[in-house]
Amino acid sequence: MALRPYWKGYLKLSLVTCPVQMMPATSESEKVRFHTLNRQTQNRVVSHYVDSVTGREVREEDEVKGYQRGENEYVILEDEELENVALESTKTIDISTFAPRDSIEWIWLDTPYYLSPNDPVGQEAFSVIRDAMESQDMVGISRLVISRRERAVMLEPRGKGIVLWTLRYGDEVRDEDTYFEAIGDEKADSEMMPLFEQLIKKQTKDWSPKMVADPVQERLLEIIAAKKKALKPQKAKGKTAPSSPPSNVVNIMDALRKSVAAEKRATK
Amino acid sequence: MVGPRANWKGYIKFGEVTCPVALYTAASSSERIAFNTLNRKTGNRVKREFIDSETGDPVEREDQVKGYEVENGQYVVLEADEVAAAIPESDKTLAIDAFIPCSQIDTTYFDKPYYLAPDKMGRDAFLLLRDGMRKQGVAAIARTVLFRRMRTVLIRAHGKGLIASTLNFDYEVRSSEKAFDDMPDMKIEGEMLELAEHIIGTKKGSFDASTFHDRYEAAVAELVKAKIEGRALPKKKAPDASKPSDLLQALRESAGIGAKETKPKRTAANVNRGAARQKAAKPAAKAKQAQAPARRAG
Numbered sequence: 001m002a003l004r005p006y007w008k009g010y011l012k013l014s015l016v017t018c019p020v021q022m023m024p025a026t027s028e029s030e031k032v033r034f035h036t037l038n039r040q041t042q043n044r045v046v047s048h049y050v051d052s053v054t055g056r057e058v059r060e061e062d063e064v065k066g067y068q069r070g071e072n073e074y075v076i077l078e079d080e081e082l083e084n085v086a087l088e089s090t091k092t093i094d095i096s097t098f099a100p101r102d103s104i105e106w107i108w109l110d111t112p113y114y115l116s117p118n119d120p121v122g123q124e125a126f127s128v129i130r131d132a133m134e135s136q137d138m139v140g141i142s143r144l145v146i147s148r149r150e151r152a153v154m155l156e157p158r159g160k161g162i163v164l165w166t167l168r169y170g171d172e173v174r175d176e177d178t179y180f181e182a183i184g185d186e187k188a189d190s191e192m193m194p195l196f197e198q199l200i201k202k203q204t205k206d207w208s209p210k211m212v213a214d215p216v217q218e219r220l221l222e223i224i225a226a227k228k229k230a231l232k233p234q235k236a237k238g239k240t241a242p243s244s245p246p247s248n249v250v251n252i253m254d255a256l257r258k259s260v261a262a263e264k265r266a267t268k
Numbered sequence: 001m002v003g004p005r006a007n008w009k010g011y012i013k014f015g016e017v018t019c020p021v022a023l024y025t026a027a028s029s030s031e032r033i034a035f036n037t038l039n040r041k042t043g044n045r046v047k048r049e050f051i052d053s054e055t056g057d058p059v060e061r062e063d064q065v066k067g068y069e070v071e072n073g074q075y076v077v078l079e080a081d082e083v084a085a086a087i088p089e090s091d092k093t094l095a096i097d098a099f100i101p102c103s104q105i106d107t108t109y110f111d112k113p114y115y116l117a118p119d120k121m122g123r124d125a126f127l128l129l130r131d132g133m134r135k136q137g138v139a140a141i142a143r144t145v146l147f148r149r150m151r152t153v154l155i156r157a158h159g160k161g162l163i164a165s166t167l168n169f170d171y172e173v174r175s176s177e178k179a180f181d182d183m184p185d186m187k188i189e190g191e192m193l194e195l196a197e198h199i200i201g202t203k204k205g206s207f208d209a210s211t212f213h214d215r216y217e218a219a220v221a222e223l224v225k226a227k228i229e230g231r232a233l234p235k236k237k238a239p240d241a242s243k244p245s246d247l248l249q250a251l252r253e254s255a256g257i258g259a260k261e262t263k264p265k266r267t268a269a270n271v272n273r274g275a276a277r278q279k280a281a282k283p284a285a286k287a288k289q290a291q292a293p294a295r296r297a298g
């Protein structure tokens, strides 16, 4: 895997510990990505930080996290200090509980990550945890600090690896009764059901990633391709401009010589 | 009582049946601890500015435009209305293209969940869809323009209602097969597997989100307090990874088998016996400490 892991740490089951790495299961890299340009100059727009009091630019190495204590009072926290925050769950996924795979409703699933061993030394320990969960049809429940929040996480074996899901917090999922209560307890009309089941059967297909193709992205790429064609003459201009700077005589002589040499080769 | 406000109103269509529905956000995201970015040299807050990469001049919001890089430094400019024009007109209809067996659903495509409830008029059709899908063990795939984006949505029965999950696009989800491709094929069997299964059995429980609490903010507050008081900040040690040669022993001790031998006599003579056993005993104590607060918190 050429990708740099998003997180590195340890997976732990009781006395068994193995080094692991994690990367997000989703990626923005294939998306049509736009940059922000300055309409006036067509140059890229970049962001930088300035000191709110002096207005001077702040270099990246001078940027530091501040924890607000009072109205204008901050305590500086270096990244290394934050790494030592007194929670095991910053570095270790300690599986505290196992639950039947289907006992966790999908609505709790937030963000998926792929978890794999980070060192051949942990391969066997990782496989033991994975295979035991698989054979028992169980998922592991643990905690993990991800981007400054401690999350409940679920570990689910998948193929040779493990999918780690962050689970939503209790107060993040809205109470379904608020929305569904008015539906009542009535069931569907049993007379219509056989017909509808026939329709379902007729329209049932196997899952395919084609079902989640993005027609809009394809259209955007077409628009871009069309505009790119219109851009071509400009491109030639752009290319020659920097190669012929307001030059002195020597440069011109050089250029002429080269041109002549090229002509000679061509006529030979 | 006024009901909750819908985030979207439209129709579900399956076959020739159409039923009006309302869509509600089912999950929100809570905030994470906010730090301010400071200038280390002055201690002042910093603020973000958008500047032209060549001229260094600030660029006003109305002069910022989307550009797609076609080749080295060449950009195609797309105005907001051009991007918007690529999105089809919304027909406010979740037209079901297909049903798929629930067992085939790849959850890594899930984006955001929404509750779907019938609008007064469409209750019969709604109940038919809900109960029919449940009976057949399927979910429905539909596509529509939601919140000005073209989305594929997976609709499934949930309690008395339906849940519609927006799905990530194919190019947004990494293949798990590729992600795990580098790993050797290893299948664990025999005693190791049995021990691990036994350990899982002893840790059987359930997930209850209501008892889970984020301890991160409190831990940072503690760190800040220590820093202000000039106390030494804790240094965290990386845990010891189990060596492959110790794995079986670690599993046995985790399962409570073979641990008895190491427990009783802790004489000086015992301490020097077998490095492997010593090693296993130490993390055991650590594990208990680490687990205690976790259990209390849920």
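Top line first, the protein sequences correspond to chains A and B.
For the first sequence, position 158 (counting from the first letter as 1) is numbered 158 according to our numbering, and the numbering increases by one without interruption.
For the second sequence, position 92 (counting from the first letter as 1) is numbered 92 according to our numbering, and the numbering increases by one without interruption.
We treat Cβ as the ideally placed atom computed from N, Cα and C, and that holds for glycine.
In this structure Pro58/B is exposed. Its beta-carbon is surrounded by fewer than 16 other beta-carbon atoms within 10 angstroms. Under the three-state reduction of DSSP output, Lys66/B falls in the strand class. Assignment of Met192/A by DSSP, reduced to helix, strand and coil, places it in the coil class.
In the DSSP assignment, Tyr114/B falls within the beta strand (DSSP E) that extends over 110–118. For Lys8/A, there are no neighbours in chain B by C-beta distance under 7 Å, as the nearest C-beta there is about 10 Å away. Here Gln68/A has Tyr74 as same chain residues with Cβ atoms under 7 Å from its own Cβ, once five neighbours each way along the sequence are excluded.
Not one beta carbon of chain A lies nearer than 9 Å to the beta carbon of Gly230/B. Between Pro194/A and Arg215/B, the alpha-carbon positions lie close to 52 Å from each other. In the same chain as Tyr109/B, and ignoring 5 residues on each side of it, the C-beta atoms closer than 7 Å to its own belong to Leu167, Asn168, Val173, in chain order. Put simply, the CB of Leu94/B is far from chain A, with every gap to its CB atoms at 9 Å or more. In terms of beta-carbon proximity, Val21/B stays away from the interface with chain A, with every pair separated by 9 Å or more.
Across the segment 204–236 of chain A, CB contacts with chain B closer than 8 Å involve Thr204, Lys205, Asp206, Trp207, Pro209, Lys210, Met211, Val212, Ala213, Asp214, Pro215, Val216, Gln217, Arg219, Leu220, Ile223, Ile224, Lys227, Lys228, Leu231, Lys235, in sequence order along the chain.
Taking C-beta atoms under 8 Å as the contact rule, Gly122/A and Ala241/B qualify, at a distance of about 6 Å. In this chain, the beta strand (DSSP E) harbouring Asp52/B covers 46–52. Listed in chain order, the non-local C-beta contacts of Lys178/B below 6 Å within the same chain number zero, local neighbours out to five positions each way being set aside.
Runs of beta strand (DSSP E) with 3 or more residues, each lying fully within the segment 117–151 of chain B, are found at 138–146, listed in chain order. Residue pairing of Pro19/A in beta bridges, as defined by DSSP: Tyr10/A. Taking C-beta atoms under 8 Å as the contact rule, Leu146/B and Glu191/B fail to qualify, at a distance of about 52 Å.
In summary, the residues of the segment 17–34 of chain A whose CB is separated from some CB of chain B by less than 9 Å are Thr17, Cys18, Pro19, Met23, Pro24, Ala25, Thr26, Ser27, Glu28, Ser29, Glu30, Lys31, Val32, Arg33, Phe34, in the order they occur in the chain.
Lys243/B sits in coil when the DSSP states are folded into three classes, being neither helix nor strand. When Cβ pairs closer than 8 Å are counted between the two stretches, the segment 95–115 of chain B is seen to touch the segment 203–214 of chain A, the count reaching three or more. Within chain A, no C-beta atom comes less than 9 Å from the C-beta of Asp91/B; the nearest is roughly 14 Å away. For Ser176/B, no beta strand (DSSP E) encloses it; the enclosing alpha helix (DSSP H) starts and ends at 176–179. Scanning the segment 13–78 of chain A for uninterrupted beta strand (DSSP E) segments of 3 residues or longer gives 16–24, 35–38, 45–51, 63–70, 73–77, listed from N- to C-terminal end. Residues of chain A with a Cβ closer than 7 Å to the Cβ of Asp124/B are, in chain order, Asp189.
In the structure shown, Arg174/A falls within a coil segment according to DSSP collapsed to helix, strand and coil. Glu172/A belongs to the set of residues whose beta carbon lies under 9 Å from a beta carbon in chain B. Taken atom to atom, the span from the alpha-carbon of Lys187/B to that of Thr202/B is near 23 Å. Shown in chain order are the members of the segment 204–224 of chain B whose Cβ falls below 7 Å from a Cβ of chain A: Lys204, Gly205, Ser206, Phe207, Ala209, Ser210, Phe212, Asp214, Arg215, Tyr216, Ala219, Val220, Glu222, Leu223, Val224. Counted as a single uninterrupted DSSP element, the alpha helix (DSSP H) harbouring Tyr216/B occupies residues 216–228.
Taking a C-beta distance under 9 Å as the contact criterion, Val153/A and Arg143/A qualify as a contact pair. Within 10 angstroms of the beta-carbon of Glu150/A lie 16 or more other beta-carbons, which makes it buried. Contact residues of the segment 139–153 of chain A toward chain B are Ile141, Arg143, Val145, Ser147, Arg148, Arg149, Glu150, Ala152 (C-beta to C-beta distance below 7 Å). Contacts between Ile76/A and chain B, judged by CB atoms closer than 9 Å, involve Leu38, Arg40, Gly43, Lys227 in chain order. The C-beta of Arg168/A comes closer than 9 Å to at least one C-beta of chain B.
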